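These notes concern the structure reproduced below.
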Amino acid sequence: MRLENITSTRRHYDDACAAAHALDLIGERWALLVMRELMMGPKRFNDLRSGLPGISANVLTQRLEGLEATGVVVRRKLPPPAAVQVYALSEWGYESEPIFQALGRWAARSPLHDPTLPFSAASLVLSLRTMIDPDLAQGLTACLGLRLGAETFRATFADNRIEIARGSVDDADVVFAGDARVVAGAIYGGQTISALETAGVLRIEGDRALAERFVRLFPLPPKAPLVP
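Letter by letter, the sequence shown follows residues 1276 to 1503 in our numbering.
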């Protein structure tokens, strides 16, 4: 099947406003979510599709080509023994994280937000970096691990902040193991750790007191009124 020629069919706003130009660059459907999936580091094509279950292979190819053409995404080949092609954000592409944080904080107030929809590991990690409450994290110095399916992330707390990156969790003080949506349910959905463990969808390894404190560090903002 012949793919759509992105460069010739993309619509532009013909507006000098930088915000309008930003939409020219990343306003296509799925473009921002492709960037979200790459925010934690390079991924193979099939790994991107796994994090975006609603996207087709053709559309993903088109979005990657478009983002590459605008300098947001770059293609790389991993050295042997992997020797596979991966996609990554450019240095400029990584500068977009504050955009995701601002959008996330704003949209979390929407009364129409449905938290039961699919939720990727990248979504969860970005939300944690966005929603951390420095006052609640005050004085906390710890290392926490997240085993989210095939991906592992290492979260460190210091100076009332959280830093999260891919990495080993072998020496973490506590490890959460489960699907990203399940872990999000414990943090944002009001589901207790013990109930999720009983259901067999979450496993906690290590300091349980730290685990209980961790899930309370990310309060959601109040919902905006839905005005008829």
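Yeah, the Cβ is synthetic: ideal placement off N, Cα and C, and Gly gets one too. Fair warning: this is a prediction, and the values are worked out from it, not measured in the lab.
- In the three-state reduction of the DSSP assignment, ILE1374 falls in the helix class, which pools H, G and I.
- Beta-bridge annotation (DSSP): ILE1439 is paired with ALA1430.
- Looking only at SER1395, LEU1313, PHE1375, the smallest Cα-Cα distance to ARG1404 is reached by PHE1375.
- Beta-bridge analysis with DSSP links PHE1451 to LEU1421, ILE1479.
- Three or more Cβ pairs drawn from the region 1468 to 1485 and the region 1439 to 1457 lie within less than 8 Å of each other, which places the two stretches in contact.
- For TYR1288, the secondary structure class from DSSP, reduced to helix, strand or coil, is coil.
- According to DSSP, residue pairing for GLN1360 in a beta bridge involves LYS1352.
- The beta carbons of PRO1386 and LEU1501 sit about 5 Å from each other, so the pair counts as a contact at 8 Å.
- The alpha-carbon of LEU1327 is positioned some 8 Å away from that of SER1395.
- ILE1462 places its beta carbon 8 Å or farther from that of ILE1437.
- Under DSSP, LYS1318 shares a beta bridge with TYR1362.
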